[in-house]
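Undergrad: What follows is a single structure, and I will ask about it in a moment.
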Amino acid sequence: MRRSIVEGIGHYLPQRVVENSEFEDKLDTNDAWIRSRTGIERRHFAAKGETTSDMGTKAAFAAIENAGLSPDDIDAIILATSTADLTFPSAATMVQNGLGMQHGFAFDVQAVCAGFVYALATANSMIASGQANRVLVIGAETFSNLMDWSDRGTCVLFGDGAGAMVLAAQDDPSSSRGVLAINLRSDGRYKDILFVDGGVSKDTTGHLRMQGKEVFRHAVEKLSNTALDALEQAELTTADVDWIIPHQANKRILEGMAKRLKVPMERVIMTVHDHGNTSAASIPLAMSTASSQGRLKKGDVVVTGAIGGGLAWGTAVIRW
Ligand code: ACO
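Using my numbering, read the sequence shown as starting at 1 and increasing by one per residue.
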């Protein structure tokens, strides 16, 4: 059976680091509240003029280098984002241009914070069907552009950045590596608990609006359920899992999920303290960070899941 394996991973974070204390002057908030309610200590914000595709291109180069390849080896680019540079063309084609690629094809996927899992699922299907052999899967976001800076319940939560993965076909029947299962879900009944109140059909870009408590409740329940469904599809159990790499929204969501799955926190990769919530970029950022720390090794069973606006959610099980 043709499987997709992870060949390389990389990331890029903008230079500007914003500590929680920076919000204290402008808002009725403080470092202790943000840390205790979210686990977030700092986040990176893009520089003025630094775009989603700029960051995606840098992450893409890092992943291609990590795989020991060149852009010539990539067949396709699938980029997950809700904050593309322009309404069109896609940020993916901008990354394609940034990589100097004049072959193959590139497009964006929009599933908000679940975007990377959806992009991975799309790449995996294209590889399985033979449409592509090597796909660059990117999550890149500039959520700082969507913040209402007077809303302390949202603007302290998010950050900017990009992560990228090289996913490639392998036909070796003796290898057990690769994407083992993917579970995707969405339910549009919940569109009003997390959304941006602007867009092309409106007259502004808009700001992110969220019913935090409601989102929190859905996140813990749905992230655990989709992880269990994906594991069942892969004919594995939580006892087989080496690493859980969840979307980095809030430390307490990750703890709630780990508790429901009965997985110790030592097996959960956590980067939310340093990155904040970077939406579709958070999973590849966490993977790349864990990989560069030497924690993520070939053959490890990785369960990676996310939930975001829609609601849209999902999980991939990967033997790294
Ligand atoms: N600093 C100080 N106080 C704050 C802040 C802040 N930054 N934000 C909210 N508060 C206040 C509220 O105004 C409220 O005050 P009040 O009681 O006087 O009205 C009080 O803290 C409690 O507010 P709650 O919203 O009930 O606080 P909660 O403990 O639920 O924490 C939070 C809020 C952190 C947003 C939480 O609901 C949460 O993490 N939800 C998940 C949302 C999330 O992570 N979304 C990311 C996008 S979706 C995703 O990626 C999964």
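Where a beta carbon is used, it is the ideal one built from N, C-alpha and C, also for glycine. These numbers were taken from a predicted model, which means no experiment stands behind them.
#1: To the nearest angstrom, how far is the alpha carbon of R189 from that of L296?
#2: Under the three-state reduction of DSSP, which class applies to S129: helix, strand or coil?
#3: For N20 versus F158, is the C-beta spacing smaller than 8 Å?
#4: Select from V95, D73, T29 and L120 the residue whose C-alpha is nearest the C-alpha of D151.
#5: Which value, in whole angstroms, describes the spacing of the CA atoms of V6 and D25?
#6: Under 8 Å by Cβ, that's how I've got I283 and I245 pegged, so tell me the actual separation to the nearest angstrom.
#7: Whole angstroms is fine: what's the gap from I269's alpha carbon to F216's?
#8: Is it buried or exposed for A32, if we count other Cβ within 10 angstroms and need 16 for buried?
#9: Output the residue ranges of the beta strand (DSSP E) runs that lie fully inside the region 123 to 205 and measure 3 residues or longer, sorted by chain position.
#10: Since W320 is in the alpha helix (DSSP H), which residue starts that stretch and which ends it?
#11: What are the boundary residues of the beta strand (DSSP E) that D28 is part of?
#12: Of all the CB atoms in chain D, is at least one closer than 8 Å to the CB of V241?
#13: Could you spell out where the beta strand (DSSP E) holding E41 opens and where it closes?
#14: Would you call the region 108 to 124 and the region 306 to 317 touching, i.e. three or more CB-CB distances under 8 Å?
#15: Determine the contact status of N66 and I138, defining contact as a CB-CB distance below 8 Å.
#16: Span of the beta strand (DSSP E) holding H11?
#17: Does D85 come out as helix, strand or coil in the three-state DSSP assignment?
#18: Cβ-heavy atom distance between T38 and the ligand ACO below 7 Å?
#19: For G305, which three-state DSSP category applies?
#20: Name the two residues that bound the continuous beta strand (DSSP E) containing A106.
#21: Provide the residue span of the beta strand (DSSP E) that contains I64, from first to last.
#22: Going along the chain, which unbroken runs of the beta strand (DSSP E) with 3 or more residues stay wholly within the region 196 to 266?
#23: Taking only heavy atoms of the ligand ACO into account, decide whether any of them is closer than 7 Å to the Cβ of L157.
#24: From the DSSP output, which residues share a beta bridge with N277?
#25: Three-state secondary structure (DSSP) at I269?
#26: Leaving out five residues before and five after L27 in sequence, what residues of the same chain have Cβ atoms less than 6 Å from its Cβ?
#27: Over what stretch of residues does the beta strand (DSSP E) that includes V17 continue unbroken?
#28: When the distance is taken between beta carbons, is M55 closer than 8 Å to D160?
TA: Taking the coordinates as given:
#1: Their backbone Cα atoms lie some 37 Å apart in a straight line.
#2: S129 falls in the helix class under three-state DSSP.
#3: Contact flag unset, no.
#4: Measuring from the Cα of D151, the nearest candidate turns out to be T29.
#5: Those two C-alpha atoms are separated by around 44 Å.
#6: The C-beta distance from I283 to I245 rounds to 6 Å, short enough to fall under 8 Å.
#7: Going by the C-alpha atoms only, they are around 19 Å apart.
#8: With fewer than 16 other Cβ atoms within 10 Å, it is exposed.
#9: Those beta strand (DSSP E) runs which fall completely within the region 123 to 205 and span 3+ residues are 134 to 142, 160 to 170, 178 to 186 and 194 to 196.
#10: Here W320 belongs to no alpha helix (DSSP H), and DSSP marks it neither H nor E.
#11: Here D28 belongs to no beta strand (DSSP E), and DSSP marks it neither H nor E.
#12: Judged by its chain identifiers, the structure shown contains no chain D, having just a single protein chain.
#13: No beta strand (DSSP E) contains E41, which DSSP labels as neither H nor E.
#14: Touching, yes.
#15: Contact: no.
#16: It spans R3 to Y12 - the beta strand (DSSP E) in which H11 sits, taken as one unbroken run.
#17: D85 falls in the coil class under three-state DSSP.
#18: Indeed, a heavy atom of the ligand ACO lies less than 7 Å from the Cβ.
#19: Per DSSP, reduced to three states, the secondary structure at G305 is strand.
#20: For A106, the enclosing beta strand (DSSP E) has its first and last residue at F105 to V109.
#21: Per DSSP, I64 lies in no beta strand (DSSP E); the unbroken alpha helix (DSSP H) holding it starts and ends at T52 to N66.
#22: Note on the region 196 to 266: whole beta strand (DSSP E) runs with a minimum of 3 residues are 208 to 210, in chain order.
#23: Checking every heavy atom of the ligand ACO against the Cβ of L157, one is found closer than 7 Å.
#24: Among the bridge pairs identified by DSSP, N277 is matched with F158.
#25: I269 falls in the coil class under three-state DSSP.
#26: Excluding residues within five positions, the ones whose Cβ falls inside 6 Å are R152.
#27: In the DSSP annotation of this structure, the continuous segment of the beta strand (DSSP E) that includes V17 starts and ends at R16 to E19.
#28: Contact: yes.
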